[in-house]
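One gets this note's numbering by counting positions in the sequence shown from 1 and adding 3 to each. Built from N, CA and C at the ideal position, the CB exists for glycine as well. Bear in mind that the values here come from a model prediction, so they are computed numbers and not experimental data. I have placed the structure first, in the form of C-alpha cells, so that the comments after it can refer back to it.
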Amino acid sequence: MSLKIFLFAVTLSGTVSGVLYGQSARTYQHRNYFLIAHRGGILDSSKAENSLPALQAAVKGGYDMVEVDLRLTKDSELIIQHDPDFKKYYNVNRQVTDMTWNEISKLRSDRGGSRVLRFEEVLQYCSGKIQLMIDNKITGDDTVLFQRVVDLMEKYGLRSQALMIGTEASTPFFTGKVKLSCTRQQLEENMLKPGYDPAQYYLFGADLTKDDVEWAKLNSIMAVGVVNEWRYKRSKATEEEIVQDVQRLKDTGLKCFQIDSMFGHFFMKGEKR
4 MSLKIFLFAV
14 TLSGTVSGVL
24 YGQSARTYQH
34 RNYFLIAHRG
44 GILDSSKAEN
54 SLPALQAAVK
64 GGYDMVEVDL
74 RLTKDSELII
84 QHDPDFKKYY
94 NVNRQVTDMT
104 WNEISKLRSD
114 RGGSRVLRFE
124 EVLQYCSGKI
134 QLMIDNKITG
144 DDTVLFQRVV
154 DLMEKYGLRS
164 QALMIGTEAS
174 TPFFTGKVKL
184 SCTRQQLEEN
194 MLKPGYDPAQ
204 YYLFGADLTK
214 DDVEWAKLNS
224 IMAVGVVNEW
234 RYKRSKATEE
244 EIVQDVQRLK
254 DTGLKCFQID
264 SMFGHFFMKG
274 EKR
C-alpha cells in the first residue's frame, strides 16, 4: 500500500512515498509515516538545534521535512534560531534583535562549534533534498519583509509545498502563499469565510483525536500530529506516559508527525511501542 498526501487533499492508505511532495520517488521501507524533524533536524550531544550538522543528519536519516525557526536580526537579516537570545548553545546573553548578522555570524555553538545559519543558506541546502516547515517567530506584519521570505522560498523551489506555523499578525499576508497551521476551531471558522480553500491550511496539534483526524480527511485537510520533548517535560510525563501518548496519536490514524528526533524509534516499521 502507499500513502500519498497532497497539499490539496489527504488520502491515508499506508506507506509514505516521496511522491508526497513532488520529490523524486523514494519510499522509506523502515516506517509508514511522513516525518518532520523538529528544531532543525536530528539533535544530540554534538549537534545544536537549527545547525547545519542537525539538518544534514535529518536528510541522511530519511526525514521528509525539517522544521526551522525564523527570526530577524538587528540589521534585517533572516536567520534560523529558536530562542529569542543566544544563551542556549552559544552562551551569549543577547537578543537576536539586538545583534547584527556580522556579530551573530561569529558565534560558535558548544556542540561541535557550528554557527547560526541564514535563512537562505538553509533554503540552499534543503532544495532538492528535503521539504520545509517554518515556525515564523518574527513579530509584526511587515509585508515587505514577508514577501522576501516568500520570494526566497520560491527561488529555491520550496514555497509551494512548505508548511508554516504562523502568527496572528502575519496570517493575512501568508494565507494563500504558504500552507498555515490551524486548530480545528480555527479551520471551522475559516470554512465560513468567502473564498475558503482547504489547500491553504493544515490541522496541527499534540492533542488531536481520532474524530479530528477523520474530520480533516473528510474535509480534504492535511493533519499533522506533534510529538516533542518540551511538551512532555512541561507535563513531567513519565516514560510510560510518553509511550501511551505516542500510541494514542498513532491510533488516531495520523500519518504525518512533527517530532523531536529522540522519538524517532516510535515510528519505525513494526514498532508498536
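- Using a 10 angstroms sphere on the CB of MET194, the tally of other CB atoms stays under 16, which defines it as exposed.
- Apart from sequence neighbours up to five positions away, the residues of its chain that approach PHE260 with a beta-carbon distance below 8 Å are TYR36, PHE37, LEU38, ILE39, VAL227, GLY228, VAL229, VAL230, LEU252, PHE270, ordered along the chain.
- Going by DSSP, PHE37 is part of no alpha helix (DSSP H) but of the beta strand (DSSP E) stretching over 37 to 40.
- Bounds of the beta strand (DSSP E) holding LYS182 are 182 to 185.
- Judged by beta-carbon spacing, ALA165 lies within the 9 Å limit of GLN134, meaning their Cβ atoms are closer than that value.
- Proximity to CYS185 across ASP78, THR170, PRO201, LEU206 peaks at LEU206, based on C-alpha coordinates.
- With a cut-off of 8 Å on Cβ pairs, the segment 197 to 205 is in contact with the segment 168 to 184, counting three or more such pairs.
- Pairing LEU126 with GLN250, the inter-Cα distance amounts to about 33 Å.
- Bounds of the alpha helix (DSSP H) holding ARG234 are 232 to 237.
- Taking PHE176 as the centre and dropping the five residues before and after it, the same chain places the C-beta of ASP144, THR146, PHE149 closer than 7 Å to its C-beta, in chain order.
- GLN98 carries a strand assignment under DSSP once its states are collapsed to helix, strand and coil.
- With the rule of 3 Cβ pairs closer than 8 Å, the segment 112 to 129 counts as touching the segment 152 to 166.
- Assignment of beta-bridge partners to GLN134 by DSSP yields MET68.
- By the Cβ rule, the segment 234 to 251 does not count as touching the segment 214 to 224, because fewer than three pairs are nearer than 8 Å.
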